[in-house]
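Heads up, the thing below is written out as C-alpha cells.
2 protein chains.
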Amino acid sequence: MAVYTQVSDDELTSFIASYEVGALLSYKGIAEGVENTNYLVHTDKGPYLLTLYEKRVAAQDLPFFLGLMEHLAMAGINCPTPVHDARGRVLRTLAGKPAALVTFLEGVWIRRPQARHCAALGQAMASLHLAGRSFAHTRANALGVGGWRPLFQRFRSRADDIAPGLAAMIEEELDHLEAGWPGQLPQGIIHADLFPDNAFFLGDQLSGLIDFYFACKDALAYDVAIALNAWCFESDHAFNLTKGQALLKGYQGVRALEPAERQALPLLARGAALRFLLTRAYDWLHTDRDALVNRKDPLEYLRRLQFHRRIQTASEYGLESSA
Amino acid sequence: MAVYTQVSDDELTSFIASYEVGALLSYKGIAEGVENTNYLVHTDKGPYLLTLYEKRVAAQDLPFFLGLMEHLAMAGINCPTPVHDARGRVLRTLAGKPAALVTFLEGVWIRRPQARHCAALGQAMASLHLAGRSFAHTRANALGVGGWRPLFQRFRSRADDIAPGLAAMIEEELDHLEAGWPGQLPQGIIHADLFPDNAFFLGDQLSGLIDFYFACKDALAYDVAIALNAWCFESDHAFNLTKGQALLKGYQGVRALEPAERQALPLLARGAALRFLLTRAYDWLHTDRDALVNRKDPLEYLRRLQFHRRIQTASEYGLESSA
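Chains as they are written, first to last, in the working numbering: chain X, 50 to 372; chain U, 50 to 372.
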C-alpha cells in the first residue's frame with residue numbers, strides 16, 4: 050500500500066536498458082501489496098511490473114517464487130512472468146533492494162465476487178495445483194499448522210485486548226487442530242493466499258492469478274479451504290452455500306478431491322480461519338493505528354472459525370457427494 | 050502521494066462505459082501528486098489517468114483547469130487532455146468526488162536536470178505562455194504577492210520554531226516585495242508550479258507538462274522566476290549559471306522578455322522564493338511528522354531567497370543582454 054523505495058529516472062533507465070524490453074516511457078509507484086514496492090512501468094514494448102522486495106520477504110525465498118511464476122506461466126497458467134535480462138538473470142538489485150521485472154497482468158479484482166467468479170477461481174486454483182506438480186523446487190509453509198502456535202506465543206499476552214477470552218479460545222483451537230490435523234493428504238504447490246485481490250478478471254473471465262509470495266508446499270485441499278474462507282462469506286459473515294458449491298464444482302471440474310480430502314475439509318477450513326485470525330491479530334497489535342496501512346479486522350476470522358466449528362461434513366460447504 | 054479514495058471495480062466499470070475509451074483492462078492507484086487521488090487506467094484503447102479531486106482543490110476552479118488543459122492541447126502543447134464522455138462532459142462525479150479522465154502522458158521526470166533539460170523547459174514554458182493568450186477564462190493567483198501576507202499571518206507565531214529569526218525576516222521581505230512589486234508586466238496564463246516533477250522527458254526530449262492545478266493569470270515573467278528557483282539550483286543550494294543561461298535562452302528562443310520583465314527578474318525571483326518558503330513553512334508546521342507525505346524543507350527556499358537578495362541584474366541569472 051506504499052512506495053517504500055524511491056527509484057530515480059537514471060537508475061531505472063540503466064536498469065531497463067539491461068533487458069530487451071525497449072525504451073522506458075514512464076513508471077509510477079503503485080499502491081499495491083502491503084509487503085513490497087511496486088512500479089507499473091511502460092516501455093515501448095508494453096507494460097511491466099517492477100517489484101522491489103522489502104524486508105518482509107525473505108531474500109532466500111525469491112528464487113523459489115520467481116522460478117514458480119515462470120514454471121506456471123510455461124505450463125499455461127495466466128500469471129505474471131519474470132523477464133530475463135540480457136544475461137539471463139531474473140533476480141537483480143535496484144536501489145539497494147532485490148528486484149525483479151515481470152510481465153504486467155491486465156485485469157481487475159472483484160470486490161464483491163458472485164458465484165460465477167467463485168467457480169472461475171476454483172477452476173484456476175485446480176489448474177494451478179496440477180501445473181505445480183512438475184515444479185522441481187519446494188518451500189515449507191511457515192504459516193502451516195506447525196507455525197501457528199509459535200506465532201500465537203508472540204502476542205498471547207495481549208490477545209484479550211482484541212476480544213475478551215480470545216487467548217483461551219485460540220489455545221483450545223490449537224490443541225484441537227494440532228491433534229487432528231491430517232498428515233496424509235495429497236501435497237503440492239499451493240498459492241496459500243488466494244484472496245479476491247489476487248485473482249484478476251476481465252469482465253467475467255478470470256484473466257490470471259497474482260502474488261505468489263506465500264506459495265509453498267502443503268496439502269492441496271488446504272488451499273481450497275483458504276479459498277472457501279476468502280471467497281464464500283458475505284459481508285454479514287454468513288457463509289454463502291451457492292458460492293461454496295460454485296467454487297468446489299469449479300475446482301472438481303479440473304481436479305477431483307479424494308475421499309480423504311473431502312473428509313478433512315471442515316477441519317482444514319477451521320485451520321485456515323485460525324491462520325488468518327492469527328496473522329491479522331498479530332498485525333492488529335503491531336501496526337501503528339495511524340499508519341496508512343489498512344489493518345484488517347481479525348474478528349472477521351474469529352466469526353468464520355466459529356462457523357466452521359459447527360460443520361460436520363464437507364457437503365455443508367456445498368461439496369457434491371461423489372458420484 | 051496517497052490513494053485517498055478507493056474506487057471499486059463495479060463503480061469504475063460503469064464510469065468507464067460512459068466514455069468511448071473501450072473496455073476497462075486494469076486500474077492502479079498511483080503515488081503521484083500530494084493533493085488528489087490518481088489511478089492509472091488501462092483500457093483496450095490505451096492508458097488514461099483518472100483523477101479524483103480531494104478537498105484541497107476548490108471544486109469551482111475545476112472547469113478552469115480542465116478547460117485550460119484542453120485549450121493548451123488544442124494549441125499544440127503536450128499535456129494531459131480531458132476526455133469527453135458520451136454526453137460531452139469532462140467533469141464528472143465518482144465515489145462521491147469530482148473526477149476527470151485525462152489522456153496519460155508518457156515520460157519520466159528528471160531528478161537531476163542538466164542544462165539541456167533547463168533549455169527544453171524554458172522553450173516549453175514560453176510556448177505555454179503563447180498558447181495561453183487565446184484562452185478566454187481567467188483565475189486569480191491565490192498564491193500571488195497579495196496572498197503571501199495573509200498566509201504568513203496563519204503561522205507567524207510559530208515561524209521561529211522552524212528557524213530563529215524567520216518571522217522577522219519574512220516580515221521584512223514582505224514589506225520590501227509588496228512595496229516594489231511591478232504591476233505593469235505582461236500578464237497571461239502561467240503554470241505557477243513548473244518544478245522538475247511536472248515536466249516529463251523521453252530521453253532528452255521534453256514530452257510534455259503536467260499538473261495545471263496552480264495555473265492562473267499572473268505576470269508571465271513570474272513563471273520564469275519560479276522556474277529559475279526550481280530548476281537552476283544545485284543540491285548544495287548554489288545557483289548554476291549555466292542552467293540559468295540555458296533556461297532563459299530556451300525561453301527567449303520562443304518569446305523574448307520585454308525590458309521591464311528583464312529588469313524585474315531579480316525581484317520576481319525573490320518573490321517566487323518567498324512564495325515557496327511560505328507554503329513549505331506552513332505545511333511543515335501543519336503536517337503530522339509521522340504522516341507518509343513528504344514534507345519539503347522550507348529552509349531550501351530561505352537559502353534561495355538570500356541568494357536573490359544579493360542579485361543586482363538579471364544578467365546574474367544568465368540572461369543575455371538584449372541585442
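Glycine included, each C-beta is placed from N, C-alpha and C at the ideal position.
CA-to-CA distance, residue j to residue i, given in whole angstroms
i	j	result
L121 of chain X	N87 of chain U	33 Å
L341 of chain U	D346 of chain X	At L341 of chain U, the pLDDT of 48 sits below 50, so the modelled position is not reliable; the number obtained from the coordinates is stated separately. So the alpha carbons of these two residues sit roughly 22 Å apart.
G214 of chain U	I259 of chain U	36 Å
R329 of chain U	A208 of chain U	11 Å
V52 of chain U	L269 of chain X	36 Å
A309 of chain U	G229 of chain U	13 Å
L317 of chain U	Q361 of chain U	12 Å
H166 of chain X	P245 of chain X	9 Å
G196 of chain U	I159 of chain U	30 Å
F201 of chain U	D242 of chain U	19 Å
V151 of chain X	E69 of chain X	13 Å
L89 of chain U	Q233 of chain U	42 Å
E155 of chain U	S57 of chain X	16 Å
L226 of chain U	T54 of chain U	40 Å
A72 of chain X	A180 of chain U	30 Å
Secondary structure of residue i, DSSP reduced to three states
i	result
S67 of chain X	coil
V294 of chain U	First, the amino acid is wrong: residue 294 of chain U is Gln here, not Val. Helix.
S57 of chain U	coil
G3 of chain U	Outside the shown range of chain U, which is 50 to 372, sits residue 3 of chain U, and nothing can be said about it.
H186 of chain X	coil
A144 of chain X	coil
P112 of chain U	helix
Q233 of chain U	coil
A248 of chain U	strand
I259 of chain X	coil
L341 of chain U	Any reading at L341 of chain U is ruled out, since the residue's pLDDT is 48, under 50, leaving its predicted position unreliable.
L74 of chain U	strand
A212 of chain U	coil
A372 of chain U	Confidence is the limiting factor: at A372 of chain U the pLDDT is only 48, short of 50, which leaves the residue's position unreliable and the question unanswerable from this model.
L226 of chain X	helix
V273 of chain X	helix
V52 of chain X	coil
F204 of chain X	coil
G367 of chain U	coil
R358 of chain U	helix
Q301 of chain X	helix
R353 of chain U	helix
E307 of chain U	coil
Min CB distance residue i to chain X below 8 Å
i	result
V157 of chain U	yes
G95 of chain U	no
I79 of chain U	yes
L170 of chain U	no
S57 of chain U	yes
R160 of chain U	yes
S75 of chain U	yes
Bridge partner(s) assigned by DSSP for residue i
i	result
F288 of chain X	X:F282
Q312 of chain U	Q312 of chain U pairs with nothing; no bridge assigned.
D134 of chain U	U:Y68
K94 of chain X	In DSSP, K94 of chain X forms no bridge with anything.
D267 of chain X	X:G237
N87 of chain X	X:I79 and X:T100
L150 of chain X	X:L99
Q254 of chain X	X:L251
V157 of chain X	X:F250
Exposure of residue i, with buried meaning 16 or more beta-carbon neighbours within 10 Å
i	result
K77 of chain U	buried
Q294 of chain X	buried
E60 of chain U	exposed
P112 of chain X	exposed
M123 of chain X	exposed
L135 of chain U	The amino acid at residue 135 of chain U is misidentified as Leu; the sequence shows Ala. Counting Cβ neighbours within 10 Å, A135 of chain U comes out exposed, since fewer than 16 surround it.
Q172 of chain X	buried
S67 of chain X	exposed
H133 of chain U	exposed
I104 of chain X	As written in the sequence, residue 104 of chain X is Lys, which differs from the Ile given in the question. So K104 of chain X counts as exposed.
Cβ of residue i within 8 Å of any chain U Cβ
i	result
L89 of chain X	yes
L251 of chain X	yes
V151 of chain X	no
V52 of chain X	yes
heavy atom of the ligand PLP below 7 Å from residue i C-beta
i	result
G195 of chain X	The ligand PLP is absent from the structure shown, which contains no ligands of any kind.
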